[in-house]
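Heads up: the structure comes next, in structure tokens.
Numbering (this note's numbering), first residue to last: 225 to 362.
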């Protein structure tokens with residue numbers, strides 16, 4: 225990777241780039257870009273990578289600490305078997321039971337809350353957000 229003499233200037237220039245240009249820059253500097261549709265998220269990731277490239281990135285101690293961290297439990301694991309999630313949607317109550325093998329809704333087991341939210345509403349949703357398990361973005 226090439227050395228950056230002033231990462232601030234390069235990072236500031238990211239603000240003017242659209243998604244396609246951000247992906248092209250990522251490809252040129254780091255290889256295949258992440259599969260994102262969010263300009264803002266890709267911009268933040270690129271800014272971090274450019275800073276890390278210029279300033280050295282994470283210390284070995286930080287890397288070790290992160291690698292020792294436990295993985296995040298898949299959605300539903302922290303809720304425990306038998307937990308019931310309820311959501312009113314357009315006058316209809318959606319009730320989901322958390323199970324070890326997924327989520328039970330209307331007699332069918334789904335692998336994710338997002339799949340249930342989509343089946344219930346006909347639109348794509350972030351399942352945990354739909355059922356109130358995550359805060360909405362401000």
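All C-beta atoms, glycine included, are put in the ideal place defined by N, C-alpha and C.
Distance, residue j Cα to residue i Cα
i	j	result
residue 276	residue 251	16 Å
residue 284	residue 322	39 Å
residue 316	residue 335	22 Å
residue 330	residue 310	13 Å
residue 231	residue 347	41 Å
residue 307	residue 325	13 Å
residue 300	residue 332	Unreliable positioning characterises residue 300 in this predicted model, as indicated by a pLDDT of 47, which lies under 50. A coordinate reading is not provided.
residue 352	residue 288	30 Å
residue 244	residue 262	11 Å
residue 280	residue 342	43 Å
residue 292	residue 286	10 Å
Among the options, nearest to residue i - alpha-carbon criterion
i	options	result
residue 278	259, 247, 253, 257	253
residue 355	248, 320, 333, 256	320
residue 304	258, 290, 327	327
residue 266	242, 280, 286	242
residue 383	318, 255, 260	Residue 383 lies beyond the residue range present for the chain, which begins at 225 and ends at 362; the question has no answer from this structure.
Buried versus exposed, by CB contacts within 10 Å (16 or more), residue i
i	result
residue 313	exposed
residue 338	buried
residue 233	exposed
residue 246	buried
residue 249	buried
Below-9 Å beta-carbon distance, residue i vs any chain B residue
i	result
residue 234	Within the model displayed, chain B is absent; a lone protein chain is all it includes.
Near the ligand FMN: residue i beta-carbon under 8 Å from a heavy atom
i	result
residue 244	As for the ligand FMN, it is missing from this structure, which has no ligand bound.
Item to complete: Could you say if the segment 232–239 and the segment 271–279 meet the contact criterion of at least three C-beta pairs nearer than 8 Å?
Response: Contact between the segment 232–239 and the segment 271–279 is established, with three or more Cβ pairs separated by less than 8 Å.
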